[in-house]
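**Student:** Numbering (the working numbering), first residue to last: 361 to 1046.
Here a beta-carbon is modelled for each residue, glycine too, at the ideal position from N, C-alpha and C.
Computed from a predicted structure; not experimentally measured.
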């Protein structure tokens, strides 16, 4: 297994269009002239065939001495070849950025020695000899030799090479933070890692494969658009073919190279030349945001998503619920409640547990006690009981969710008093989380845990709503707490007390109604829902099962990235739609340049259609062909960067496309073709 050096490259930033990429793209543009490669782009294949035929006519003119037509035919042939090369160049530049990233990743490989666990001894072997299922021990200062999951121990790990963030993270066994990546470095303590990938299947290998955009397959939407463009090409091919007969009938002198030029200018060459580059650049933009998409299909699906499922904790809220106050039951002093709450939390290393200890210490002067000296027996939190507690000095203290504590009391023949129940319900209705504390089957009161909604998240949801996207918050909280948080955050709906089964059911229900659903997750229990969702985004810090079930992996492990993923997908679709609109509008403008030029000799009345006032028929034809080639190269930066994203509805986007790219596609050719015509006249070329 090839392992990277101590660190990955830093967080991926926008790849500059450097000279090296341009130089490589020029060579690739010529290689892509191979028809076996170009057949995937039928529009440009037609242009190449036209260029080849025109070149043959030039050779015929040379051999037969037809010097009066050789100049025009030669220039048409040259610009048709340039048109194909420019389209290939656009695709090669987009691919070049991905290949540059892949090369950078490959350069970080180096050999690593692994400490393989064999019985009670550690065998030092090259990491390349590790296989799936092997156990390795990684200690402070060691590089993790392969992708895997922590099965024993806990350690601080430097993952800055993956995420670009310098803060170390904790990786431990038995939770949703057990996944580790080969090449990251352990900073403290030790862990036993079970290898989960054979050589050639590591995370680094997957990264290299995914960022090599040349291997990208066309998405269904892109295939459909290609079929549409091919259909338009066939229609114009038939139409132009009939003009030869019309020219003979009208006794107009129309050469085959001129008809080829007309065909190339009328078919959607602009979008045909940029379509592949747009798709490749879309995946590249997602990778720049530290998200690995397993396929172009996933990126495109993200653009069509209209339902978002997001975890509450860490996505909508800051994530760590903090103890805000102790509210005692009737007849109980707040000091007694704080004392019991702190005692039950001394061994609780969760942020909530630590905050309870700190609150009791700061507000009520209760110091931490020596739990070993007290001989305390702690009962850790269980997802089944939803409680934790302690048994010490004849006292049995429990804290947990209100319904869980109530169920526990009922199993012991007791009832939770109505006053305590009302306190818990009031806290829940206000969007906080109540923890009920009981001692020896008697309710002492409630701890108020508060999770803060992230600033600006409500505005983001408002933007999504304008785009027609429904937001659903998923939480394990009770319905009252969930409803309060949902109202404060501004989500459209919520799923409380969520289980793997209810998540899966919710996704299937929305899909059955024709919606495309996206969701995030990091645990093994999220895997079924991630696999079912149209866009499943797994956190890189999550379990291997979650990452394998998803079609995207967020290297930053930031659940809010889902919103950016949807924006990137929509930007891809908007870019494709905008440039398609521009391309078709372009063809209409070029029609007014070439058609009058072809038949004006036989039908002088067609001169009124020469609204651009082009100098000569030859100049009109050449100007249109030259503009047709230059507009592709001019639009490459826009295809790579993408159309500026705005959270608008479908109607607003359609109007914007028609006004900006439709109207612009009509006007720009008139200006561009006229300027080229003036230049040709000045140079005496036509």
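With a Cβ-Cβ cutoff of 8 Å, do residue 658 and residue 454 count as a contact?
**Tutor:** no
**Student:** Over what stretch of residues does the alpha helix (DSSP H) that includes residue 965 continue unbroken?
**Tutor:** First-last for residue 965: undefined, no H or E at that position.
**Student:** Report buried or exposed for residue 441, applying the criterion of at least 16 other Cβ atoms within 10 angstroms of its Cβ.
**Tutor:** buried
**Student:** List the endpoints of the continuous alpha helix (DSSP H) containing residue 654.
**Tutor:** Element bounds for residue 654: n/a, residue is neither H nor E.
**Student:** If you draw a straight line from the alpha carbon of residue 987 to that of residue 404, how long is it in whole angstroms?
**Tutor:** 16 Å
**Student:** Using CA atoms only, rank isn't needed, just tell me which of 616, 589, 591 is closest to residue 602.
**Tutor:** 616
**Student:** Find out if the Cβ-Cβ distance for the pair residue 689, residue 702 is shorter than 8 Å.
**Tutor:** no
**Student:** Which of the three DSSP states is assigned to residue 408 in this structure?
**Tutor:** helix
**Student:** Can you tell me whether residue 386 is helix, strand or coil according to DSSP?
**Tutor:** helix
**Student:** Mind checking which residues open and close the alpha helix (DSSP H) that includes residue 1035?
**Tutor:** 1023 to 1043
**Student:** Which complete alpha helix (DSSP H) runs does the region 944 to 1004 hold, if anything under 4 residues is left out?
**Tutor:** As far as the region 944 to 1004 is concerned, its whole alpha helix (DSSP H) runs of at least 4 residues are 977 to 1001.
**Student:** Are the CB atoms of residue 671 and residue 834 nearer to each other than 8 Å?
**Tutor:** By the CB criterion at 8 Å, residue 671 and residue 834 fall inside the cutoff.
**Student:** When DSSP labels each residue in this structure, what does residue 938 get in the three-state scheme?
**Tutor:** DSSP places residue 938 in the helix class (H, G or I) of the three-state scheme.
**Student:** Using the Cβ count rule (16 or more neighbours within 10 Å means buried), how would you classify residue 427?
**Tutor:** exposed
**Student:** Just to confirm the assignment, what range does the beta strand (DSSP E) spanning residue 478 have?
**Tutor:** 473 to 478
**Student:** Which same chain residues, not among the five before or five after residue 754, have their C-beta less than 8 Å away from its C-beta?
**Tutor:** none
**Student:** Is residue 419 buried or exposed, if buried means 16 or more other CB atoms sit within 10 Å of its CB?
**Tutor:** exposed
**Student:** Check residue 612 in the structure and name its three-state DSSP category.
**Tutor:** coil
**Student:** Between residue 933 and chain B, is the shortest Cβ-Cβ distance under 8 Å, so that the two count as touching?
**Tutor:** This model lacks chain B altogether; it includes just one protein chain.
**Student:** Given a threshold of 16 other Cβ atoms within 10 Å of its Cβ, counted over all protein chains shown, does residue 977 qualify as buried or as exposed?
**Tutor:** Looking at its Cβ environment, which holds 16 or more other Cβ atoms inside 10 Å, residue 977 is buried.
**Student:** Between residue 996 and residue 450, how many whole angstroms is the CB-CB distance? I'm expecting something under 8 Å.
**Tutor:** 5 Å
**Student:** Going by Cα to Cα distance, which pick from 638, 1000, 673, 699 is closest to residue 846?
**Tutor:** 673
**Student:** Between residue 788 and residue 517, what straight-line distance do the alpha-carbon atoms span, to the nearest angstrom?
**Tutor:** 36 Å
**Student:** Mapping DSSP to helix, strand and coil, what is residue 933?
**Tutor:** Three-state DSSP puts residue 933 in a helix.
**Student:** Please classify residue 379 as buried or exposed, where buried requires at least 16 other C-beta atoms within 10 Å of its C-beta.
**Tutor:** exposed
**Student:** For residue 1017, name the three-state secondary structure that DSSP assigns.
**Tutor:** For residue 1017, the three-state secondary structure derived from DSSP is helix.
**Student:** If we ignore side chains and look at the alpha-carbon of each, how far apart do residue 897 and residue 913 end up?
**Tutor:** 6 Å
**Student:** For a test of the three-state rule: what should DSSP assign to residue 755, helix, strand or coil?
**Tutor:** strand
**Student:** Would you call the region 644 to 657 and the region 811 to 822 in contact, with 3 or more CB pairs under 8 Å?
**Tutor:** Cβ pair count under 8 Å is below three, so no.
**Student:** So, at 7 Å on beta carbons, what are the nonlocal neighbours of residue 508 in its own chain, with the 5 sequence-adjacent residues on each side left out?
**Tutor:** 540, 553, 554, 555, 556
**Student:** To the nearest angstrom, report how far apart residue 582 and residue 401 are at their CA atoms.
**Tutor:** 11 Å
**Student:** Are residue 606 and residue 623 closer than 8 Å when you measure CB to CB?
**Tutor:** no
**Student:** Please return the same chain residues whose Cβ sits closer than 7 Å to the Cβ of residue 740, not counting the five positions on each side in sequence.
**Tutor:** So the list reads 748, once near-sequence residues are dropped.
**Student:** Alpha carbon to alpha carbon, how far is residue 900 from residue 492?
**Tutor:** Looking at the two C-alpha atoms, the distance is approximately 19 Å.
**Student:** Between 445, 444, 422, which lies nearest to residue 434 when the distance is taken from Cα to Cα?
**Tutor:** 422
**Student:** Compute every distance between the C-beta of residue 424 and the non-hydrogen atoms of the ligand MN, then say whether any falls below 7 Å.
**Tutor:** The ligand MN is absent from the structure shown, which contains no ligands of any kind.
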